[in-house]
Structure formats: C-alpha cells, structure tokens
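Sequence positions in the sequence shown follow this note's numbering and run 1 to 267.
Worksheet: one structure, shown below.
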Amino acid sequence: MRVAFVQFPPAFGRTAENLAQAIGLAEGVEAELYVFPELFASGYQFRDREEARAIAEPVPGGFVAEELASWCRRRGAFVCAGLAEADGEAVYNSAVLLGPAGLRGVYRKVHLFRHEKELFDVPVEDHFEVYDIGHARVGMMICFDWIFPEVARILALRGAQIILHPANLVLPHCPEAMITRCLENRVFAVTANRVGTEDRWGEEMTFIGESQIVNPQGEVLMRLEDDEAAVGIDLNPAEADDKRATPENDLFADRLVQLYTELLRPR
Ligand code: ACM
1 MRVAFVQFPP AFGRTAENLA QAIGLAEGVE AELYVFPELF ASGYQFRDRE
51 EARAIAEPVP GGFVAEELAS WCRRRGAFVC AGLAEADGEA VYNSAVLLGP
101 AGLRGVYRKV HLFRHEKELF DVPVEDHFEV YDIGHARVGM MICFDWIFPE
151 VARILALRGA QIILHPANLV LPHCPEAMIT RCLENRVFAV TANRVGTEDR
201 WGEEMTFIGE SQIVNPQGEV LMRLEDDEAA VGIDLNPAEA DDKRATPEND
251 LFADRLVQLY TELLRPR
C-alpha cells in the first residue's frame, strides 16, 4: 500500500485556508492513507480553554472532519488528521480516522504537552484502538505520546501494523525516538509534523518538521527537513506481523510480564 504524510505551516485560526492547503498538498500524491499533523486546521497555541472550546468541533458533524470525510469519499482514501474536538463541555486534542465510508475512529490525546494541560481534557478510559482499514491495521497516537513507550506498545500488542502519529513537535528528540518505538514493537510509524512558528503565548514556538516514515526494522524510509510537502511511500504492512528481532528473539513472545508488575503501579 502507499502511505503519505503532509507537512506544512498552518496559520493560527485560519481553518478553511489550512484545510485547503493540506488537501492541496495531499492531492499531489497518490496514496491509500494520508496522515496530517496535530491540530492541522486550527493551529496550536490556543490562548486559553475558552478559545480552544470555541474553535473545537464535534466529531462527527464538525466542519473539518466533514470536509475531510467528503475528500476521502471522492478520493477513495483514508486520512488520519489532528483536530480540536468538542464533546459537551469537554475539549480534546484528537485525531480522527476517516475513510471512503466516513468516520472510522477518534483518538483523544492522552499525554498532553506543557500548556496543553490547561487547554484540553484527557480521556479517562482506555481507548487505544486498532482499526482494520482493509489495506492495514492501524492505530493512532498524537505527538508527545511518543515519550511514553506504553502507547506504541499497547497499539502494537493490539495488532497495529502502522502507527499513525499526527504531531506538532518542538523538542528535537522524537524523530530519533520513533525509530526505537518501531524497532522495539516491530511496527511502521508515520509521523506527520508541522513546520512554522507561533507566538500567541508570549513564547515563540518553532515546529521542527522532520516528518518521517519508519519501518519495523527501524529504518527511516522517508524523512523531510522543514519543507512544505506531501510525500508518499510504498510499504508492506504484513512486515509488522513478524515480531522477531533475530531468529531466536520474538519481542512479544519473549516478554516476561510477570516481572513487569511495577508498570501497573501509579507514582
Ligand atoms: C506536542 O505534544 N505537541 C509536543
């Protein structure tokens, strides 16, 4: 299958323009599955929770998800994209998975980065779901979830072959860390990051780009710098079904979970 990501600099609050730009870039690349960045249509630096709540949309039914869904229908493709989701009084930093038949799933970011903790709610229930989209089994995580290896591990244990990873990265470590996430779980990961800067918090943030696709052997199949681009690559999701790092080491079968009980204790 062919998988693509979109990297560009969203302008805060210019939802329709950002959406058009992301779709315009995606239209230049044939793929079955596209990944767009975190909060790709709204921008990142909401000033406060009220602003996030005002811009957030219900899923399904909101402008961004519906526009993307109709694009998926026309194109016969799947899209995973980050957006601010409103659900009653709650606001989530979410990723939606849409396909030719409409909404397939929503993932609400679990590990919020810095001031996101003042803006967004976190889900209380386990919702690390894996979706069979025909071409592959996929799971979603968002940006800072990368630094909690549990997320990629759970998705992989549940059968994800490809981790879809919308991001707004500012720290430099994630692209290299995702190589390890892929290697230790023998999965593919598609990190779609944004570029550009925002300064609505009195603190300029520069987003690092470096969107990438990594395979289960930990090889970077494609990595951008800070270009504005959509790129795609052919991959075979079934490669992620072999969990052997060597003929003698199956990374899932060899886990000694009875020795890992500490992982279930809160600190
Ligand atoms: C991040 O989680 N947006 C760094």
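Think of the CB as a built atom: it goes at the ideal place given N, C-alpha and C, for glycine as much as any other residue.
Taking 9 Å as the cut-off, the beta carbon of residue 210 is found no closer than this to the beta carbon of residue 9. Shown here, residue 161 sits in coil according to DSSP, grouped into three states, outside any helix or strand.
Residue 38 has its CB nearer than 8 Å to a heavy atom of the ligand ACM. Placement of the Cβ of residue 143 at a distance of less than 8 Å from at least one heavy atom of the ligand ACM is found. Distance from the CA of residue 212 to the CA of residue 90, rounded to the nearest whole angstrom, comes to 31 Å.
Uninterrupted beta strand (DSSP E) stretches at least 3 residues long and entirely within the stretch 68 to 142 occur at 78 to 87, 90 to 99, 102 to 108, 130 to 132 and 137 to 140, given in chain order. Here the stretch 250 to 261 makes no contact with the stretch 199 to 207; the two share fewer than three CB pairs at distances below 8 Å.
With respect to residue 30, residue 73 sits apart: the two C-beta atoms are not nearer than 9 Å. By alpha-carbon distance to residue 189, the top candidate from 206, 143, 46 and 61 is 143. Within the stretch 172 to 256, the runs of beta strand (DSSP E) at least 3 residues long that lie entirely inside it are, in chain order, 188 to 192, 195 to 198, 205 to 208, 212 to 214, 220 to 223, 229 to 234 and 244 to 246.
Annotation: the continuous beta strand (DSSP E) that includes residue 2 extends over 2 to 7. DSSP, reduced to helix, strand and coil, places residue 166 within a strand of the structure shown.
Taking 8 Å as the cut-off, one finds at least one heavy atom of the ligand ACM near enough to the beta carbon of residue 44.
Annotated as distal: residue 84 and residue 136, with beta-carbon spacing of 9 Å or more. Relative to the ligand ACM, residue 12 has its C-beta separated by 8 Å or more from all heavy atoms.
Distances taken from the Cβ of residue 112 to the heavy atoms of the ligand ACM include one shorter than 8 Å. Here DSSP, grouped into helix, strand and coil, assigns residue 33 to strand.
Under DSSP, residue 57 forms a beta bridge with 85.
Collapsing the DSSP output to three states places residue 39 in coil. Using a C-beta cut-off of 8 Å, the stretch 113 to 125 makes no contact with the stretch 225 to 239, since fewer than three inter-stretch Cβ pairs fall below that distance. By the C-beta density criterion, residue 78 is buried, having at least 16 other C-beta atoms within 10 angstroms.
Residue 138 is classed as buried because its beta carbon has at least 16 other beta carbons within 10 Å across all chains shown. Within the chosen limit of 8 Å, the ligand ACM reaches the beta carbon of residue 116 through at least one heavy atom.
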